Amino acid sequence: MGVLVFISVLLVAACGLIYELVAGTLASYLVGDSVFQFSTIIGTYLFAMGIGSALSRYINRGLANRFVWIELLLGVVGGFSSTLLMLAFAFTQGFELILYALVVVMGVLVGLEIPLLMRIVKHRYQFRDVIAHVLTFDYLGALGASLLFPILLVPRLGLVRSAMLFGLINAAVAFWSTYLFANQLSRTRELRVACLLVLFGLGTGIAEAKHITATAEDNIYADEIIFARDTPYQHLVLTRFKDDLRLFLNSHLQFSSRDEYRYHEALVHPGLAAVPAPRRVLILGGGDGLAVREILKYPQVESITLVDLDPEMTKIFSSNPMLTRLNDNSLLSPRVHVINSDAFPWVASNADSFDFIVADFPDPTNYSLGKLYTTAFYRAVARHLSAQGFIVVQSTSPMFARDSFWCIAETLKQSGLQTYPYHVYVPSFGEWGFVLAGTHDYALPKSLPAGLRFLSVDGLSALFQFPPDMAPLPMPANHLNSQVLVRTYENDWKDISH
Amino acid sequence: MKLGRRKFLGLGSAALAGLSLKSEQKIKGSFVNDSFQMGHLLRDRAAFPAAKHIEKVPVVIVGGGIAGLSAAWRFRKRGFTDFVLLEMNPQAGGNARWGENEVTAYPWAAHYVPVPGPKAIYVRELFEDLGVLKDGQWEERYLAFSPQERLFLYGRWQEGIEPAVGLKQNDRDQFQRLENLFSEFRRSGAFTIPLELGLSSKFQHLDRLSFSDWLRQQGLDSRLLHWYVNYACRDDYGALASDTSAWAGIHYFSSREPEEKGPLTWPEGNGWITRRLLERVGANIRTGQMVHRIAQTRRGASVFAGDVEFQSEFVIFAAPMFLAPYLLENFPPLHDFAYSPWLTANLTLERYPDSRGAEPSWDTVFLDSPTLGYVDAMHQSLRTHIDRTVWTFYWALSEGAPAQNRRLLLEKDWTYWKEAILHDLERVHSDIRQCVSRIDIMRMGHAMIRPAVGSIFSEERRRLSRLDGRILFANSDLSGISIFEEAQFHGVEAAQKVHKKLHG
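Chains as they are written, first to last, in my numbering: chain V, 23 to 520; chain S, 373 to 876.
Right under this line is the structure:
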């Protein structure tokens, strides 16, 4: 029996340390400044343990009963501590208050454990043996927990489930204590039922933990997250609300299934329908296959080359049923060739010629993406253009980022191209702009493919009219060695967000 | 900022694993391109084999740095191919050598050329040849991409190397006054590249005092200003401002128009130019050929390399000047040629270190570091997604006497320098040891000519550059400053003189 008591000490000590580490780690992740978080949390926790130890002297009767209840309480509070903290961060303003309150509660409970346990077993051993054994196993447990936590628990289980697992261990210690100290207990059956309830609750928690993390992250996005993945290139999130499917790349909205047809029809048809006999088309970016879907409406197009950096992206848009329904299985068409490659080096090294080229990249939010909006890039792209061809470039919003839009237009112009800027209204984006460019004059197409939901031949000319609040501004071109666009874009959005 | 929290959690656990188990990646590497052993053979007048073979060739170029390669380029452009270029090292290029690994090509020394001004006609001609300058337009892919330079100071980053943060009004005024002085010198037309075209005795007095003394004479004593000009002198001359001629210091700032365009650069730095030159003149080059004697003969000069005697009509000596007394018979010892010792290192990074919010730049400098910072070889990549890279780390050993620093270079082992480099980088990139997988180090005892006080207007230098006999000198040492344009200028000029004598 002695051994079992000391194993309990070991486990209890491990649990105590884990709760402390969980609190410190979560605070570092969520609030940052890990040195400060760990220092203050460890300090508060140890101080609270001192309070617990001090309080232990006021417990004079029913030591074993009280011990079991404390273990159970600790199992619940500690076990759900990380869940509570994550939800507190996602849904409340008072994360720090809840954090330190929780640390104090756990510290007090942990501080009570060992003094009580020592007093429970003191009549079985000499005083010096009790001290030596209990403290030895206490510190051993702490060592074990401190090693397990970073090596196994955090990487394998994550913080939510790690805390629950140790809550479960606390509850298990409570449960077997009802057998271990049976001769010192009263109302044993009641205690055992409570133990089983807590064990069941924590077990369920572990099984359902995934949803808890997702719920916390869900709050960042308005709608339910149905898919989230970190690829080597980007953070990809898909959300759904009723029939509205939204794709976010690095938390920037890429499309909403409710109005993406407006964007993709406008991206493709004004240019492609104006090319007399388009046979070969190139898409740079656009791994969602939605522009491809529009291009496949031209039976004379024989081949579509899609160059997108991220294989994950083109893979899920060729395999996920929800997404292939959206892009009409466009990426699986035999006319489509998907190449997962970085666009600029590909364009610079490839020699093929195309009748229509789509550049559909994320907005120029950093210097890396900014390279794809430079004169050097457009000159390299223009070399792939057949005599009758056009390039279309997604060019951010002429309304919200007016300087940036006209900077892109000027960049295309200084790359030796004639430019034809236009814009459409996409409800989920707002006013959105494109620049069509080529080496010859552009005339509005006389016909469009059948079955379009937004564009009509009559409506086309209106797209090319810019009202005064989006009218052209004199802007410098964007070069690799200046990257004025990245700075311009940052300023444009700074002006309207906060 | 409530975005991507899951990613945040993922990163956090990595950081935590780092907290509990600080595992340093095993960093491999060695010294590379050591050449002092050969230099010491010459210095110690070691015995070399007697000539067993004779080769007759009208012209021999000694040295395959930019000066020698440029002479070869000029010859071949004129249709003259009857020459050999002898290079001591296994790889030509000198201070424009490069290396390459599975990540990228990278420079071993010089890594950029400023956009040449109108007077640098040979450089412009070369760049037209190489497709860098087309119809008056500089090829955009060869101009340093933005963001170009950043300085780490007071725990934060700023764009550009001239300190712009934490300046007092007095500092600002002094920077402005200095800029005004440089503009005046620029307008005088006496500070040109190539240097020889503008050299005027009107400013000879500036060669008689050090740059830092001259600054103090002008009442310029701002600490940040002195840091900045010291950085410039260490970067271009390998010397502190107090060891640099004021004339040369002024030349650095006043010889070029302040323009936003440049500089021109490539992943392998000026190694890119070397590669293009080798494509054009490689057939005439013999590497691993250590010249150990050059002797005047009645009808020209003989060059001895290994066991071959090259009997030639003309020799273009394009090796560094300090070798001349050891190679040329009856050559008097030199007095006005001092050299700066350098160390460069190429660090292979498996990932970029945490940059505290700043995007990687082409050139990174730390305020108050004894080193010169590093250049990112992948910066000129067209890719949008870059994971691994190579950094070229520059360190001119400018504090103290060059001879002492040369000894230090030789005495200390690779681990010592590796640690010194990592310590410097750790000041800013605390996780650098987890990013670096390899550090190769190149030691150069005589890396570049040093424009010491009195060296620009030195009689000795002017006499040697005017020599017009059977042996001609061609290297940037003749200008007193070690820059690409000067080396190329002297190489081309020497080739033109020789060509004229051969073909009238």
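No residue lacks a Cβ here, since even glycine has one placed at the ideal position from N, Cα and C.
All figures in this text were calculated on a predicted structure; none of them were measured in a lab.
Given residue i as reference, the closest of the options once Cα atoms are compared
i	options	result
Gly471(S)	Val653(S), Gly817(S), Thr764(S), Gly876(S)	Thr764(S)
Val403(V)	Trp368(V), Leu109(V), Ser363(V)	Trp368(V)
Phe69(V)	Val34(V), Met128(V), Thr47(V), Val31(V)	Met128(V)
Arg628(S)	Val485(S), Ala792(S), Phe420(S)	Val485(S)
Ala824(S)	Asp849(S), Phe738(S), Gly570(S), His425(S)	Asp849(S)
Asp615(S)	Lys872(S), Leu597(S), Gly826(S)	Gly826(S)
Ala288(V)	Ala36(V), Glu93(V), Leu477(V)	Leu477(V)
Tyr442(V)	Ala216(V), Val457(V), Val215(V), Tyr511(V)	Val457(V)
Ser851(S)	Trp619(S), Asp507(S), Leu502(S)	Trp619(S)
Phe451(V)	Tyr389(V), Gly460(V), Thr510(V), Asp385(V)	Asp385(V)
Lys360(S)	Asp545(S), Val653(S), Gly561(S), Glu459(S)	No information on residue 360(S) is available, as it lies outside the stretch 373 to 876 that chain S covers here.
Lys853(S)	Ile828(S), Asp840(S), Gly876(S)	The amino acid occupying residue 853(S) in the given sequence is Ile; Lys does not appear at that position. Of Ile828(S), Asp840(S), Gly876(S), the residue nearest in Cα terms is Ile828(S).
Glu857(S)	Gly440(S), Arg760(S), Leu413(S)	Gly440(S)
Ala859(S)	Ile813(S), Trp638(S), Leu567(S), Leu587(S)	Leu567(S)
Asp785(S)	Arg815(S), Leu797(S), Ala768(S), Trp767(S)	Arg815(S)
Inter-residue spacing [alpha-carbon to alpha-carbon] between residue i and residue j
i	j	result
Pro137(V)	Tyr51(V)	33 Å
Ala690(S)	Gln683(S)	17 Å
Leu394(V)	Ser518(S)	13 Å
Leu348(V)	Asp310(V)	9 Å
Ile645(S)	Gly481(V)	54 Å
Trp734(S)	Asn552(S)	28 Å
Met421(V)	Asn513(V)	14 Å
Phe403(S)	Ala481(S)	15 Å
Leu539(S)	Thr743(S)	22 Å
Gly65(V)	Ser770(S)	48 Å
Arg842(S)	Gln463(S)	27 Å
Arg549(S)	Leu523(S)	22 Å
Thr716(S)	Arg671(S)	43 Å
Ser392(S)	Leu781(S)	Low local confidence applies: a pLDDT of 38 at Ser392(S) is under 50, so the model's placement there is unreliable, with the coordinate-based value given in what follows. Cα to Cα, the separation comes out at about 37 Å.
Gly382(S)	Ala365(V)	Confidence at Gly382(S) is low in this model, with a pLDDT of 42, below 50, so its placement is unreliable and no value can be given for it.
Arg183(V)	Thr253(V)	24 Å
Glu530(V)	Asp545(S)	The structure shown has nothing for residue 530(V), since chain V only spans 23 to 520.
Ala819(S)	Ile622(S)	22 Å
Val323(V)	Leu391(V)	29 Å
Ser830(S)	Asp374(V)	59 Å
Leu354(V)	Asn342(V)	12 Å
Arg760(S)	Asn473(S)	11 Å
Glu531(S)	His751(S)	16 Å
Gly437(S)	Lys400(S)	29 Å
Cross-chain neighbours of residue i in chain V, by beta carbon under 8 Å
i	result
Pro519(S)	Tyr389, Gln505
Ala516(S)	Asn503
Proximal residues of chain V, C-beta to C-beta of residue i below 7 Å
i	result
Lys633(S)	Asn503
Glu731(S)	Asn388, Tyr389
Contacts that residue i makes with chain S (C-beta to C-beta distance below 8 Å)
i	result
Asp364(V)	Leu754, Arg755, Thr756, His757
Sequence-distant residues of its chain with Cβ nearer than 8 Å to residue i (five each side left out)
i	result
Pro774(S)	Ala710, Tyr711, Ser712, Pro713, Arg822
Leu367(S)	One cannot answer for residue 367(S) here, as it falls past the ends of chain S, which runs 373 to 876.
Phe197(V)	Arg214, Cys217, Leu218, Leu221
Per-residue contacts from residue i into chain V (C-beta, under 9 Å)
i	result
Leu513(S)	According to the sequence provided, residue 513(S) is Arg. The question's Leu does not apply to it. The answer, in chain order, is Ala370, Ala398, Ala402, Leu502.
Neighbour list for residue i in chain S, Cβ cutoff strictly below 7 Å
i	result
Tyr255(V)	His757
Leu39(V)	In chain order: nothing, as chain S lies at least about 13 Å away.
Leu474(V)	None at all; the shortest Cβ gap to chain S is about 32 Å.
Supposed contact pair residue j and residue i - C-beta distance, whole angstroms, cut 8 Å
i	j	result
Pro471(V)	Tyr320(V)	6 Å
Asn656(S)	Thr453(S)	7 Å
Asn503(V)	Lys506(S)	With 8 Å as the limit, Asn503(V) and Lys506(S) do not qualify as a contact, their Cβ atoms being about 16 Å apart.
Phe738(S)	Arg834(S)	Their Cβ separation, rounded to whole angstroms, is 39 Å, which puts Phe738(S) and Arg834(S) out of contact at 8 Å.
Gly84(V)	Ser199(V)	In fact, because the Cβ distance is near 13 Å, the residues do not count as touching under 8 Å.
6 Å Cβ shell around residue i - same chain, five flanking residues per side excluded
i	result
Thr397(V)	Thr433, Gln436, Ser437, Ala499, His501
Own chain partners of residue i with C-beta closer than 7 Å, once the 5 adjacent residues on each side are dropped
i	result
Val98(V)	Gly189, Val220
Phe521(V)	Only positions 23 to 520 of chain V appear in the structure, and residue 521(V) is not among them; the question remains open.
Under 7 Å from the C-beta of residue i: neighbouring residues of chain C
i	result
Pro489(V)	Any reference to chain C falls outside this structure, whose protein chains are V and S.
Partner residues on chain S for residue i, Cβ-Cβ distance less than 9 Å
i	result
Ser516(V)	A quick correction: the sequence has Lys, not Ser, at residue 516(V). Correct list: empty, because the minimum Cβ distance to chain S is about 15 Å.
Leu187(V)	Per Cβ cutoff of 9 Å: no residues; Leu187(V) is ~16 Å from chain S at best.
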